[in-house]
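Q: Following this message is one structure expressed as structure tokens.
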Amino acid sequence: MFLLQIQHEVRQFIRSPLALLLFVFLAGCMAFGVWNGARDLAQKRGAAEAMLQKQTEKFARLQAQADSINRNLKAEKRWWLDPTSALVIGEFDRGGWAVVLEPASLSILATGLSDLQAEAEVLKISGSAVRSSSDFENPVNLTFGTFDLAFVVTFLLPLFVIALTFNLVSGEREQGTLALLLSQPIVARQLFGLKMLARFSLLGGLVLAVMLSLLAAAGISLAEPALWQAAGLVLLYTLFWFLLALAVNLRGQSSAFNALACVAGWLLLVIVVPALVNLAAEKARPIPSRAVFQNDLRTADLEVARQKERILTEYFQQNPQFVRKADEQKGDKDWWIEEFAVLDFDQSLKDSLADAFEAKAHQQADFAQSLLGLSPALAVHYQLVTLAGTGREATGGYQQNIKKQQQEWSASMRTKYLADQKLTNTDYEAFAALPTRVRAEADMGNAASGGWWLLMQCFLVGGLVWLVSRRPW
Amino acid sequence: MIEAIDLTKKYGDKIALDRLQLSIQPGEVFCLLGQNGAGKTTTINLFLGFTETTSGHALINGLRVDEHPLETKKHLAYIPESVMLYPNLTGLENLDYFSRLAGFRYADGRLNEFLADVGLPGEAHARRVGTYSKGMRQKVGIAIALAKNAKALLLDEPTSGLDPKASNDFSGILKSLATQGVAVLMATHDIFRAKDVATRVGIMREGQLVATHAAADFSAAELEGIYLETV
Amino acid sequence: MISTIARQEFRSILREKRFQMATLALSLLFLLSLYGAYDYYASLQRQHAEAAQIARGHWENQKDKNPHSAAHYGTFAFKPAYPLSFFDRGVDAFTGNTLFLEAHKMNESKYRAATDRSELARMGTLTPAFILGVLFPLFIMVLGFGAVAGERESGNLRLLLAQGVGPTRLFFGKALGLWNAVLLLAAPFLLLGALGLLLPGAGAEDWQRYFLLALAYLLYLGCFVHLVLLVSAWAKRQNVALVASLGVWVFVCLIVPKAAVNVAKHQYPTPSWQMYYEGIKQDLEEGVDGHDPADAYTQKLEKETLQQYGVDSVQHLPFNWDGFIMQKGEEHETYVFQKHKDGLLNIYAQQQQVHAVASVLSPYLLTSIASHRLAGTDVYSYHHFLAAAEKYRIALVGEMNGELTQNFKYGDWEGKRSKAFFASNQRFDYQRPVLAQVWPGVSPALLLLVGWWLVSGLACLLIFNKLRVL
Numbered sequence: 001m002f003l004l005q006i007q008h009e010v011r012q013f014i015r016s017p018l019a020l021l022l023f024v025f026l027a028g029c030m031a032f033g034v035w036n037g038a039r040d041l042a043q044k045r046g047a048a049e050a051m052l053q054k055q056t057e058k059f060a061r062l063q064a065q066a067d068s069i070n071r072n073l074k075a076e077k078r079w080w081l082d083p084t085s086a087l088v089i090g091e092f093d094r095g096g097w098a099v100v101l102e103p104a105s106l107s108i109l110a111t112g113l114s115d116l117q118a119e120a121e122v123l124k125i126s127g128s129a130v131r132s133s134s135d136f137e138n139p140v141n142l143t144f145g146t147f148d149l150a151f152v153v154t155f156l157l158p159l160f161v162i163a164l165t166f167n168l169v170s171g172e173r174e175q176g177t178l179a180l181l182l183s184q185p186i187v188a189r190q191l192f193g194l195k196m197l198a199r200f201s202l203l204g205g206l207v208l209a210v211m212l213s214l215l216a217a218a219g220i221s222l223a224e225p226a227l228w229q230a231a232g233l234v235l236l237y238t239l240f241w242f243l244l245a246l247a248v249n250l251r252g253q254s255s256a257f258n259a260l261a262c263v264a265g266w267l268l269l270v271i272v273v274p275a276l277v278n279l280a281a282e283k284a285r286p287i288p289s290r291a292v293f294q295n296d297l298r299t300a301d302l303e304v305a306r307q308k309e310r311i312l313t314e315y316f317q318q319n320p321q322f323v324r325k326a327d328e329q330k331g332d333k334d335w336w337i338e339e340f341a342v343l344d345f346d347q348s349l350k351d352s353l354a355d356a357f358e359a360k361a362h363q364q365a366d367f368a369q370s371l372l373g374l375s376p377a378l379a380v381h382y383q384l385v386t387l388a389g390t391g392r393e394a395t396g397g398y399q400q401n402i403k404k405q406q407q408e409w410s411a412s413m414r415t416k417y418l419a420d421q422k423l424t425n426t427d428y429e430a431f432a433a434l435p436t437r438v439r440a441e442a443d444m445g446n447a448a449s450g451g452w453w454l455l456m457q458c459f460l461v462g463g464l465v466w467l468v469s470r471r472p473w
Numbered sequence: 001m002i003e004a005i006d007l008t009k010k011y012g013d014k015i016a017l018d019r020l021q022l023s024i025q026p027g028e029v030f031c032l033l034g035q036n037g038a039g040k041t042t043t044i045n046l047f048l049g050f051t052e053t054t055s056g057h058a059l060i061n062g063l064r065v066d067e068h069p070l071e072t073k074k075h076l077a078y079i080p081e082s083v084m085l086y087p088n089l090t091g092l093e094n095l096d097y098f099s100r101l102a103g104f105r106y107a108d109g110r111l112n113e114f115l116a117d118v119g120l121p122g123e124a125h126a127r128r129v130g131t132y133s134k135g136m137r138q139k140v141g142i143a144i145a146l147a148k149n150a151k152a153l154l155l156d157e158p159t160s161g162l163d164p165k166a167s168n169d170f171s172g173i174l175k176s177l178a179t180q181g182v183a184v185l186m187a188t189h190d191i192f193r194a195k196d197v198a199t200r201v202g203i204m205r206e207g208q209l210v211a212t213h214a215a216a217d218f219s220a221a222e223l224e225g226i227y228l229e230t231v
Numbered sequence: 001m002i003s004t005i006a007r008q009e010f011r012s013i014l015r016e017k018r019f020q021m022a023t024l025a026l027s028l029l030f031l032l033s034l035y036g037a038y039d040y041y042a043s044l045q046r047q048h049a050e051a052a053q054i055a056r057g058h059w060e061n062q063k064d065k066n067p068h069s070a071a072h073y074g075t076f077a078f079k080p081a082y083p084l085s086f087f088d089r090g091v092d093a094f095t096g097n098t099l100f101l102e103a104h105k106m107n108e109s110k111y112r113a114a115t116d117r118s119e120l121a122r123m124g125t126l127t128p129a130f131i132l133g134v135l136f137p138l139f140i141m142v143l144g145f146g147a148v149a150g151e152r153e154s155g156n157l158r159l160l161l162a163q164g165v166g167p168t169r170l171f172f173g174k175a176l177g178l179w180n181a182v183l184l185l186a187a188p189f190l191l192l193g194a195l196g197l198l199l200p201g202a203g204a205e206d207w208q209r210y211f212l213l214a215l216a217y218l219l220y221l222g223c224f225v226h227l228v229l230l231v232s233a234w235a236k237r238q239n240v241a242l243v244a245s246l247g248v249w250v251f252v253c254l255i256v257p258k259a260a261v262n263v264a265k266h267q268y269p270t271p272s273w274q275m276y277y278e279g280i281k282q283d284l285e286e287g288v289d290g291h292d293p294a295d296a297y298t299q300k301l302e303k304e305t306l307q308q309y310g311v312d313s314v315q316h317l318p319f320n321w322d323g324f325i326m327q328k329g330e331e332h333e334t335y336v337f338q339k340h341k342d343g344l345l346n347i348y349a350q351q352q353q354v355h356a357v358a359s360v361l362s363p364y365l366l367t368s369i370a371s372h373r374l375a376g377t378d379v380y381s382y383h384h385f386l387a388a389a390e391k392y393r394i395a396l397v398g399e400m401n402g403e404l405t406q407n408f409k410y411g412d413w414e415g416k417r418s419k420a421f422f423a424s425n426q427r428f429d430y431q432r433p434v435l436a437q438v439w440p441g442v443s444p445a446l447l448l449l450v451g452w453w454l455v456s457g458l459a460c461l462l463i464f465n466k467l468r469v470l
């Protein structure tokens, strides 16, 4: 019986020009989305590779130059360009170690925040400098957002489902085939249950086939578990809209009413509720002002200046190999010794400010996240972005890993400078062996919450269907 | 055979059907005449189990419709007033689909035979129903009924909108079904057709079967006169 | 005749249940959007004004130091807020809030609001512009899809035409009736929206801008009135009209804007960080480097100046050569920085051309552009601020370098200045561009909108004249 229904559904689908047109349009949009995602990824990767390439070349030149200087074949009078100086290579523009923030290969799935993400950071003794091409991106493009697969799935897929299911029952009634069907010796509920299952299988199957083949063509391996998780997510999402259309159909109204009701549902759940959730999040957990933050960082400098005396005293006590000199007698290195001495304190002060800011800012995101249950569009979009690795957790993950590397770099270069070590070939070879890529590994604590919410929402709508179906036809 | 015992249907205070007594034997064609709203369609709906009886019983082949909904449907066939079917499927495919739902799997050849039996032109079998005329769709509806091998046939205004030739074809099929032992209940406005096909004619008014006559006893004109008097 | 039809259309729409429900829903949402947005401008304005005060305080109270060191200490400029930003936030979330002004560098602004939010925030913000731009057109579609198709299906169209109503009159009547129903809601919305201007800081110019904004949105809604009538006249059945109208809305408001923007981005890509800075570096290397006396251009300038003053070494110049050369370097550098910034703006302009082409398919893009510009939340207003901040930077650094040039001896890097000096430095006083300056950027969009409205109207007239009655 189920096979009969599937055969029936497939036949109807293939012979309906409108259905085919809609499917082709959806598939086209998905293809465009995947193509955009792939292009963006390629661009990011290209920029990152170019940067690393330049760095390899630069350090090769610096190594050659340092070598000549070390062998007294050449001299560099401009001290701020001296490649044998750990200070210059560690801190100044001449040096610094660029580390690329590896873009997530699954970002083809959902752009998320990756279009605002920097592609590299240059590690220095005093911190890291961000290199971000998104600084130059036209803000208009960023405002309208990327036409990515997540957009097509979240916004357009439900419309496709609605367009093919809004007259699931009402169409049969208006066509006159409903009476014929009901006069056959089959349990009506069973028939419609199978019919619904058949149509869902057809729609879900079509969408998944297109999605998976597109993503595979874009270079995502079929062995990637996230791919299948995304497929499951899309299937659940399709199921939700399908069940909603069914519930509306079971109210027994005309096709026109059903269409309006389903579209009203779409409008509410996909457009209005997310906007309302964002409004609520903004009001309930406003993000503190960055202008204030910027000034606070300045004020922190003053604090550091106040504490400087104490810190320096401690430092020279703990490091008797260095002698504290009066300002007039200080040489370049003495200035730097003092700079380095306060560096850690300075960093920790500024880090605590940044962490406090982040914690408050994160509250808004957390608030919005707690409301994922209000709309399947929110749940599916959030989950797709999380699966793609382009969400906030990923951004935070990059930062943690960069921080670690930067601290290592800083410590190593400082030590070298303070020990008056000149940089030799050995050092440069060690540089070449340093990691140049950083991944966004982070604690994905709530990683599947979107998926669970979506599942729950499907159950809710399923319950609604069951409730409505108890009324007579 | 089709039986109604004290069949009553009320919608709130409104009485749609008032204690209908009816018994149609195999081979009989019973035509139900009456104004719009007299209760003809309600009667058919009750036999189909589409609505619940308020009191009384509807029986198909001795089985109560309310007690045996699925079984009674096995024994009956229904042709609604406007047969639309699935426009994107061919006549053959529509027949196949509905037959399978009823539990019958026929080979294509047999299905074509059914369609030919009801007079559907051979070239039309493989055309989409969306291109059929009303008469042709009607014929597919009858073929669906035939393929079911039902012993009871329920028809709701079957000849409305049909041209005289199609209407005539239809009468022929109905009469041949009757000779094969099928009990037929037909609700209609068409007095001429009723006289042609029916064994008995019943006139309904405001939910009550007010008169029953043997069709052979009267001419069509006389029948019309009785009708106009009765309603 | 036209007014009869219009009146009938208006009345029948108003009696529809869906009109009442949609009106309720839209009004609620609009009020919510006002609630959400009303203090957007005020709070941002206040935060940034306070921050500017504090930054100035930092500058004035900085430790006594050499003026050049002060130039490196630098100060901050904060993005200005516009009173109309409550209505349309434009690209605000994607432009940086703080800008560090220091010597020898033209920094990029930092801290975009969008990076501090979650990705869900990009699913949509409830502002009045969003409601008028995205939700209202859907409202129009839902109201008008049956205007002709419904009448055709029910057979009323035959009656109408049999009564002697000409197709042109029919169109004008329907359009007027539908437009009145739309205006019934749009006018109060726009009036309510004007309340947001009563907040402090809104001058006569802001009212003028709002008036133009309202005009733009009215034109935009008018386009949709035409679109829905077009679809309704074309569709065979009401169901088809409904699905087609919704499809048109999805296409115009969701698909085309996003698609156009993505196509423009890939067609005219902006440079990567590396390409941008290498371009600058290359240009700088062919210019004056204030700290590098070995540079060729410096040498040339040195020779020229020595000749001009008739001395044989920079120590003998009547002013401090170091200060002088640094300022010259600064001026040359800013020329290079601005050149590259303008290059970016050129790319944006090219991308905008793609948007303009796409707006043949979607008036939403046009309206957004006009709306952003009038509200002051567009890219060009932002770059106007950046340019002004850069000018201020040069001026401030110029004061430092000038002090060094005039009042310091050559080679004296130890001399210091104190609060008295720093307090005397000029403040950053940003003047927003006036409407007259913005107008050349707005008028093409508005003109195209008018064009869209006219063309869609003509298309309607055409299809009404070829109306299928059955």
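Protein chains in written order, with our numbering: chain A, 1 to 473; chain B, 1 to 231; chain C, 1 to 470.
Where is the CB? At the ideal position from N, CA and C, for every residue including glycine.
Since the model is a prediction, treat every value here as computed from it, not as a measurement.
1. Do you know how far the Cα of Arg-122(C) is from the Cα of Thr-168(C)?
2. Counting only Cβ-Cβ distances shorter than 7 Å, please list the residues of the stretch 369 to 389 of chain C near chain A, keeping chain order.
3. Closer than 7 Å, Cβ to any Cβ of chain C: which residues of the stretch 186 to 209 of chain A, in chain order?
4. So, helix, strand or coil for Met-106(C), using DSSP?
5. Which word fits Trp-273(C), buried or exposed, when buried means at least 16 other C-beta atoms lie within 10 angstroms of its C-beta?
6. Enumerate in chain order the residues of its own chain whose CB-to-CB distance from Tyr-217(C) is below 6 Å, with the five nearest sequence positions on each side excluded.
7. Here's the rule: buried if 16 or more other CB atoms are within 10 angstroms of the residue's CB, otherwise exposed. What is Trp-466(A)?
8. Tell me the rounded alpha-carbon separation between Thr-111(A) and Leu-101(A).
9. The alpha helix (DSSP H) with Glu-408(A) in it runs from where to where?
10. From this set, Gly-222(C), Gly-173(C) and Asp-92(C), which residue's C-alpha is nearest Met-141(C)'s C-alpha?
11. Could you check whether Tyr-417(A) and Gly-90(A) sit closer than 8 Å to each other, using their CB atoms as the reference points?
12. In chain C, which residues lie less than 8 Å from Asn-278(A) when you measure between Cβ atoms?
13. Does the distance from the CB of Gly-124(C) to the CB of Glu-108(C) come in under 8 Å?
14. Quick check on DSSP: helix, strand or coil for Ala-25(C)?
15. Measuring only between beta-carbons, confirm whether Gln-457(A) sits less than 8 Å from chain B.
16. Please name the residue in Leu-344(C), Leu-84(C) and Ala-241(C) whose C-alpha comes closest to that of Ile-280(C).
17. DSSP state of Glu-338(A), grouped into three classes?
18. Looking at chain A, is there any beta carbon in it that lies within less than 8 Å of the beta carbon of Phe-98(B)?
19. From Phe-459(A) to Leu-244(A), what does the alpha carbon distance come to, in whole angstroms?
20. Thr-84(A): buried (16+ other C-beta within 10 angstroms of its C-beta) or exposed?
21. Output the distance between the C-alpha atoms of Ala-230(A) and Val-152(A), rounded to the nearest integer angstrom.
22. If you follow the alpha helix (DSSP H) that Val-256(C) is part of, which residue opens it and which one closes it?
23. Closer than 7 Å by C-beta to Phe-357(A): which residues in its own chain qualify, once you throw out the five before and the five after it? Chain order, please.
24. Do you know how far the Cα of Glu-339(A) is from the Cα of Pro-293(C)?
25. The beta strand (DSSP E) spanning Lys-466(C) covers which residue range?
A: Short version:
1. In a straight line, the C-alpha of Thr-168(C) is about 44 Å away from that of Arg-122(C).
2. Along the stretch 369 to 389 of chain C, going in chain order, the ones with a CB nearer than 7 Å to a CB of chain A are Val-379.
3. none
4. Three-state DSSP puts Met-106(C) in a strand.
5. buried
6. Leu-132
7. exposed
8. When only Cα atoms are considered, Thr-111(A) and Leu-101(A) end up about 15 Å apart.
9. 392 to 418
10. Gly-222(C)
11. yes
12. Leu-120, Ala-121, Met-123, Gly-124, Thr-125 and Leu-126
13. no
14. helix
15. no
16. Taking the Cα of Ile-280(C) as reference, the smallest distance to any Cα among Leu-344(C), Leu-84(C) and Ala-241(C) is reached at Leu-344(C).
17. Secondary structure of Glu-338(A) (DSSP, three-state): helix.
18. yes
19. 11 Å
20. buried
21. 13 Å
22. For Val-256(C), the enclosing alpha helix (DSSP H) stretches over residues 256 to 267.
23. Apart from sequence neighbours up to five positions away, the residues of its chain that approach Phe-357(A) with a beta-carbon distance below 7 Å are Pro-288 and Phe-293, ordered along the chain.
24. Confidence in Pro-293(C) is poor, its pLDDT being 41 and thus under 50, which makes the residue's placement unreliable; the coordinate value appears in the next sentence. Approximately 27 Å between the Cα atoms of the pair.
25. First-last for Lys-466(C): undefined, no H or E at that position.
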